[in-house]
Amino acid sequence: MMKTLLTALFICCSLFLNAQTNVFLIGRTLGEKIIANGDTMRVFGFASNLSSHPPIPAPLIEANQGDSVHIDFWNVSQLHHHTIHLHGLDVNQANDGVPMLSFDVDHMEHGWYHFKAPHAGTYLYHCHVGSTLHLQAGMYGPVVIRPSDGSNTTWDGGYAFDTETMLFMSEFDTFWHSDSILDHEHDNGAVHDSLEIPRYTPDFFAINGLSDQQLEDTVELTSKTNYVNYFRLVNIGYCSNKVIFPGSLNAIIIDSDGRPLPNNVISDTVEIYPGERYGVLAESSTPVLDSIEVHYFDMMTGVLKDVQYVKVDIQIPNQVAELPKLNNLRLAPNPTELELKVTFDLIQPATIGFRVVSIDGRLIKSELVKRYLSGNQSISINTSNYSAGQYIISITDGTRVVSKQFVKK
Amino acid sequence: MECRVRKKSSKNKFYRVKSAFLSMVCFISFQAIFFANNIDQTLFVNAGQAYCVDGHQMAFKAFNSTGVFEQQNVQLSVGVGDTLSLSVINNDTIVHGFDVKGMLGLRDTILPGDTAQFVFSSADLGLFIYYDHLNYPNHAYMGLSGIIGVGINEQSFFWNIKDHQSEWNDSLAFGGVVDWLNYYPDYFTINGRSNPNINGDTTARVEGEIGDTILIFMANTGQAEHSIHFHGYHCEILYSTMSTSHIGRIKDTFPLKRLEGYVLRLVPDQVGEYPVHDHNLLSITGGGLYPFGMFLTILIQ
Numbered sequence: 185m186m187k188t189l190l191t192a193l194f195i196c197c198s199l200f201l202n203a204q205t206n207v208f209l210i211g212r213t214l215g216e217k218i219i220a221n222g223d224t225m226r227v228f229g230f231a232s233n234l235s236s237h238p239p240i241p242a243p244l245i246e247a248n249q250g251d252s253v254h255i256d257f258w259n260v261s262q263l264h265h266h267t268i269h270l271h272g273l274d275v276n277q278a279n280d281g282v283p284m285l286s287f288d289v290d291h292m293e294h295g296w297y298h299f300k301a302p303h304a305g306t307y308l309y310h311c312h313v314g315s316t317l318h319l320q321a322g323m324y325g326p327v328v329i330r331p332s333d334g335s336n337t338t339w340d341g342g343y344a345f346d347t348e349t350m351l352f353m354s355e356f357d358t359f360w361h362s363d364s365i366l367d368h369e370h371d372n373g374a375v376h377d378s379l380e381i382p383r384y385t386p387d388f389f390a391i392n393g394l395s396d397q398q399l400e401d402t403v404e405l406t407s408k409t410n411y412v413n414y415f416r417l418v419n420i421g422y423c424s425n426k427v428i429f430p431g432s433l434n435a436i437i438i439d440s441d442g443r444p445l446p447n448n449v450i451s452d453t454v455e456i457y458p459g460e461r462y463g464v465l466a467e468s469s470t471p472v473l474d475s476i477e478v479h480y481f482d483m484m485t486g487v488l489k490d491v492q493y494v495k496v497d498i499q500i501p502n503q504v505a506e507l508p509k510l511n512n513l514r515l516a517p518n519p520t521e522l523e524l525k526v527t528f529d530l531i532q533p534a535t536i537g538f539r540v541v542s543i544d545g546r547l548i549k550s551e552l553v554k555r556y557l558s559g560n561q562s563i564s565i566n567t568s569n570y571s572a573g574q575y576i577i578s579i580t581d582g583t584r585v586v587s588k589q590f591v592k593k
Numbered sequence: 023m024e025c026r027v028r029k030k031s032s033k034n035k036f037y038r039v040k041s042a043f044l045s046m047v048c049f050i051s052f053q054a055i056f057f058a059n060n061i062d063q064t065l066f067v068n069a070g071q072a073y074c075v076d077g078h079q080m081a082f083k084a085f086n087s088t089g090v091f092e093q094q095n096v097q098l099s100v101g102v103g104d105t106l107s108l109s110v111i112n113n114d115t116i117v118h119g120f121d122v123k124g125m126l127g128l129r130d131t132i133l134p135g136d137t138a139q140f141v142f143s144s145a146d147l148g149l150f151i152y153y154d155h156l157n158y159p160n161h162a163y164m165g166l167s168g169i170i171g172v173g174i175n176e177q178s179f180f181w182n183i184k185d186h187q188s189e190w191n192d193s194l195a196f197g198g199v200v201d202w203l204n205y206y207p208d209y210f211t212i213n214g215r216s217n218p219n220i221n222g223d224t225t226a227r228v229e230g231e232i233g234d235t236i237l238i239f240m241a242n243t244g245q246a247e248h249s250i251h252f253h254g255y256h257c258e259i260l261y262s263t264m265s266t267s268h269i270g271r272i273k274d275t276f277p278l279k280r281l282e283g284y285v286l287r288l289v290p291d292q293v294g295e296y297p298v299h300d301h302n303l304l305s306i307t308g309g310g311l312y313p314f315g316m317f318l319t320i321l322i323q
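Top line first, the protein sequences correspond to chains A and B.
Final position of the first sequence in our numbering is 593; the numbers increase by one with none missing.
Final position of the second sequence in our numbering is 323; the numbers increase by one with none missing.
Below, the structure written as structure tokens:
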């Protein structure tokens, strides 16, 4: 009996010790992104498949503290070499992603990066080839290391939270996204590529890759009173940011760069510079309908360049989520080809609307459908004329929005 | 009974710790009083031409240790409690000033050819920025700003971070007027050098071994703001010129506002060569070319 228990314990320990996260990323340089004025901009980026444009920011890499993380990076980008630098993760030199000190990955080659997930916290990954150009082009994404048990706590023994929101700041200078700038020469064997860098005049200021109306339509904190809301703030742009929370959220800055602060800071304003990350807890005992302001400052002059807003809607629990009308959203088939069947449950009669956006933020379809009775309901969407790629469908009953991702083959 | 024993044990431990702490304080005080040094240093305000990474030249001024112009300001370093007696000789043709940010009573002006005397000391580990305060920020921007490190150890390194719009240096040298709201620097330096030449500066290029206690005295004496990112390691902030609340933070990226400085402690836990660079990636350029700006490497054997 004892022997069996010990064997079981050994197997459990082995599984625990050998927890492994595998990530597959594709480097692309012919991506397209719809920006806030409706124009299409060429981007570089990391994608998880070949059928869609690379999203900005790139897909989230997520692991638990202590996990072994293995990234298979496949470069499909014609002229360009790329790397993955694991920013803040303190990986060894071989996996650091700096071309002249580790390795770079040529077109149609694979590169493998390995690391053991360090302290729970917020980190980044980005290309380190011609970094000034390749980051602006879009080659960056977030890394979240969760506590050892994967729970909704900030770190092992840290603060428990109910909601989690990432605000990932950057800017776009659309001139830098022209072919003449992006298609730079690459000198094989050179210690560094020597690249001409144009003057930087950003014209779009982004959070999670979205600006202005795109941002307003997509990113918001929807929560309840007395919920603990954890914000992960990241700056990967070339401006400094000032993130200003509504005073009623009682913001507390608790961590930075993947480490707890020695002393928490009670402040509704967080200054965050390029490459930095901050963790902020926010909680309100009363309903809040307000905005988080994100200010963008020119680091050469200190001049304020832009302000973006993230909606905050905190309501008393019984008014929102404890009595949801809309539940159990399902999509089939997914991936889809000609038609997507959307099914959901209604607890009480409601007027249902839906919209479909592409992964790069382009509005594909928006429709106020009709009034439905309670019970199991469905909507069919003709996807035959959709381009292959990833899409997000959001359905609302007027008080609550539920979103899911689907793939068009 | 067990509780009592524990309590007693704990109390004894407290007394032991307290006693050890008091002994250490006494020892440090004793050291500071009886082993504090008086250091004499002469600084010359020199004007000349600085060579940029691409060979371009621009007007520049610096506090040097001799009357011969160098484009790197003197790095002053003293032990905790030491007294630094400074003679500052104005070798230039215009009036200059001397001030240490955060130290009251040191500020003075120096006429061309004159010498002014200053006495500096600090009872704690820290970093101070000395600079020409006249016509601020123009004189300091022209290069007249450096670092005083207090409490250096055998593995201390200095990063005096600057940025320049080279045309403006030439303009200001001849009494021109610039509009700082339109500043767009084209050269970014650490101790007067840019990548790849910075690694040739032994006072900047960190070299060490696993487990070493390495101190980095880092200050932004330029006009732009910077955000210095370490690959491979996190560092602990031992001292901040801006806020004591930053002390003790362990980070990989350190924002530097104008005239802001840190003392960082790096204890390497892995071997390798790792970059440190400004993560405002516009600052990794020199003369408009990547990557000839604020970028160097750390080498741990």
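The C-beta atom is built at its ideal place from N, Cα and C for all residues, glycine as well.
- Within the segment 329-340 of chain A, not one residue has a Cβ closer than 7 angstroms to any Cβ of chain B.
- Beta-bridge pairing by DSSP links proline 444(A) to Asp439(A).
- Taking a C-beta cut-off of 7 angstroms against chain A, the contacting residues of the segment 261-279 of chain B are Ser267, Gly270, Arg271, Ile272, Lys273, Asp274, Thr275 and Pro277, listed in chain order.
- Between the alpha carbons of alanine 138(B) and methionine 164(B) lies a distance of about 20 angstroms.
- Valine 496(A) sits close to aspartate 474(A), with the two beta carbons spaced by under 8 angstroms.
- The C-beta distance from glutamate 247(B) to leucine 278(B) rounds to 7 angstroms, short enough to fall under 8 angstroms.
- For aspartate 387(A), no Cβ of chain B is located within less than 8 angstroms of the residue's own Cβ.
- A distance below 8 angstroms separates the beta carbons of phenylalanine 352(A) and valine 418(A).
- Annotated three-state conformation of tyrosine 163(B) is helix, per DSSP.
- Here aspartate 288(A) carries a coil assignment [DSSP, helix/strand/coil].
- For the segment 281-307 of chain B, residues whose beta-carbon sits nearer than 9 angstroms to a beta-carbon of chain A comprise Asp291, Gln292, Val293, Gly294, Glu295, Tyr296, Pro297, His299, Asp300, His301, Asn302, Leu303, Leu304, Ser305, Ile306 and Thr307.
- Rounded to the nearest angstrom, the gap between the Cα atoms of serine 332(A) and isoleucine 306(B) is 37 angstroms.
- In terms of Cα proximity to threonine 409(A), the closest of Ala572(A), Ile498(A), Val541(A) and Pro458(A) is Ile498(A).
- Note that the C-beta distance between serine 261(A) and threonine 338(A) is not below 8 angstroms.
- When DSSP assignments are scanned along the segment 160-227 of chain B, the uninterrupted stretches of beta strand (DSSP E) that are 3 or more residues long and fall wholly within it turn out to be 167-172, 178-186 and 209-212.
- Of the residues Thr115(B), Gln97(B), Asp234(B) and Ser144(B), the one whose Cα lies closest to the Cα of asparagine 59(B) is Ser144(B).
- Listed along the chain, the chain B residues whose CB falls inside 7 angstroms of the CB of arginine 383(A) are Tyr206.
- Within the segment 547-579 of chain A, no residue places its CB atom closer than 9 angstroms to a CB of chain B.
- Take the alpha-carbon of isoleucine 268(A) and the one of tyrosine 296(B): they are about 15 angstroms apart.
- Aspartate 208(B) has its alpha-carbon roughly 27 angstroms from the corresponding atom of leucine 149(B).
- Setting aside the 5 residues that flank it on each side, aspartate 192(B) is surrounded in the same chain by Met80 and Ala81, each with a C-beta closer than 7 angstroms to its C-beta; the list follows chain order.
- Among the bridge pairs identified by DSSP, arginine 555(A) is matched with Thr535(A).
- Secondary-structure assignment with DSSP links glutamate 246(A) through a beta bridge to Val328(A).
- Taking a Cβ-Cβ threshold of 9 angstroms, the residues of chain A close to glycine 254(B) are Asp274, Val275, Asn276, Gln277 and Asp280, in chain order.
- Remark: fewer than three beta-carbon pairs, one from each stretch, lie closer than 8 angstroms, so the segment 276-288 of chain A and the segment 432-445 of chain A are not flagged as touching.
- Glycine 165(B) does not reach chain A, its nearest Cβ partner there being about 18 angstroms away, counting only Cβ pairs nearer than 9 angstroms.
- In this structure the segment 204-220 of chain B does not lie against the segment 282-291 of chain B, because fewer than three pairs of beta carbons, one per stretch, are closer than 8 angstroms.
- DSSP places phenylalanine 345(A) outside both helix and strand once states are collapsed to three, so it counts as coil.
- Non-local C-beta neighbours of aspartate 581(A) in its own chain, meaning closer than 7 angstroms and more than five positions away in sequence, comprise Lys509, Leu510, Ala534 and Ile536, ordered along the chain.
- Look at glycine 431(A) here: in three-state DSSP terms it is helix.
- Taking a Cβ-Cβ threshold of 7 angstroms, the residues of chain A close to glycine 310(B) are Glu380 and Ile381, in chain order.
- Between the segment 183-198 of chain B and the segment 70-80 of chain B there are three or more inter-stretch CB-CB distances shorter than 8 angstroms, so the stretches are counted as touching.
- Closest in alpha carbon position to leucine 108(B), among Asp62(B), Tyr73(B) and Asp130(B), is Asp62(B).
- When secondary structure is reduced to three states using DSSP, leucine 234(A) falls in the coil class, being assigned neither helix nor strand.
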